[in-house]
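Visitor: One point on numbering: in the numbering used here, the residue at position 165 of the sequence shown is 171, and numbering is uninterrupted.
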Amino acid sequence: MTEDAHPNDTFRPIASEVMTRPLPLEFEALWVANQEDFHEFARLVSGSWEAAEETVHRAFPEILNLWDELLESSNMQADIWAIFRKTVISQQLKSIRHELSHLELAEEIGLYRALRKLPPRQFDAIVLRQVMNVDTGKVAWYLGVAKRTVDYHCRKARERLEPVVSTYLKHEGDAK
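#1: Are the stretch 71-91 and the stretch 115-125 touching, with three or more C-beta to C-beta distances below 8 Å?
#2: Please name the residue, chosen from Leu70, Trp87, His159, that lies closest to Pro28 on a Cα-to-Cα basis.
#3: For Asn139, name the three-state secondary structure that DSSP assigns.
#4: Out of curiosity, what's the CA-to-CA distance linking Thr61 and Glu168?
#5: Looking at Val145 and Arg154, is the spacing between their C-beta atoms short of 8 Å?
#6: Count the other CB atoms, across all protein chains shown, that sit within 10 Å of the CB of His159; report buried if there are 16 or more and exposed otherwise.
#7: DSSP three-state label for Thr8, please.
#8: Return the CA-CA distance between Lys162 and Thr142, expressed in angstroms with no decimal places.
#9: Where do the ends of the alpha helix (DSSP H) carrying Leu106 lie?
#10: Helix, strand or coil for Leu126? Go by DSSP, reduced to three states.
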């Protein structure tokens, strides 16, 4: 994925015929066997059952889209969890970006505005590393890049954010 990738383009669109065809029996069994764990994991990450429900309902069609490939996988369960974890993280990042975009101007500081303006990869890397405190290796796995690339995205994001933060801190310091 490139720096210009749109943050909502993480997953392929789901064709309506995919959702209207009968579900494979094995897929239904997967759902029954794992839905509680998926919901609990998503709730722990997102903090609410409503967000968890939305995330699970976003992940399962994605898993269904890849079902034929997953059936041939040497470690199907791990691959399914990988898809699900990526969906959870993606949903969390989408939520953070959405929250930043709806701050009232009176309560917004320049940092939030600058965060919103970061390219998607820089936004994802800096939020995962600095806000959500995710290990660099996990961030690299999620973004599908090397650890060095995560470091690069974070460094570039900090370079873009630094003038805004220093201006805000100077302004706050002057008022005291």
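Note that beta-carbon positions come from the ideal geometry of N, C-alpha and C, so glycine has one too.
Guide: The answer reads as follows:
#1: In short, these stretches do not touch, since the Cβ pair count stays below three.
#2: Numbered from its first residue, the sequence shown carries residue 28 at position 22. Of the candidates Leu70, Trp87, His159, the one whose C-alpha sits nearest the C-alpha of Pro28 is Leu70.
#3: Taking the first residue of the sequence shown as position 1, residue 139 is located at position 133. In the structure shown, Asn139 sits in coil (DSSP, three-state: anything other than H, G, I, E or B).
#4: Taking the sequence shown and counting its residues from 1, the one referred to as residue 61 is at position 55. Taking the sequence shown and counting its residues from 1, the one referred to as residue 168 is at position 162. The C-alpha of Thr61 lies about 33 Å from the C-alpha of Glu168.
#5: Here residue 154 refers to the residue found at position 148 when the sequence shown is read from its first residue. Here residue 145 refers to the residue found at position 139 when the sequence shown is read from its first residue. No. Outside cutoff.
#6: Locating residue 159 in the sequence shown gives position 153, where the first residue counts as 1. Result: buried.
#7: As a position in the sequence shown, residue 8 is number 2, starting the count at 1. Residue confidence for Thr8 is low, a pLDDT of 36 falling below 50, so the modelled location carries little weight and cannot support an answer.
#8: Residue numbering aside, residue 162 sits at position 156 when the sequence shown is read from its first letter. Residue numbering aside, residue 142 sits at position 136 when the sequence shown is read from its first letter. Between Lys162 and Thr142, the C-alpha separation is close to 15 Å.
#9: Working through the sequence shown from its first residue, we reach residue 106 at position 100. Unbroken alpha helix (DSSP H) run through Leu106: 82-107.
#10: Along the sequence shown, read from residue 1 onward, the residue named residue 126 stands at position 120. Position check: residue 126 holds Pro in this sequence, whereas Leu was assumed. Secondary structure of Pro126 (DSSP, three-state): helix.
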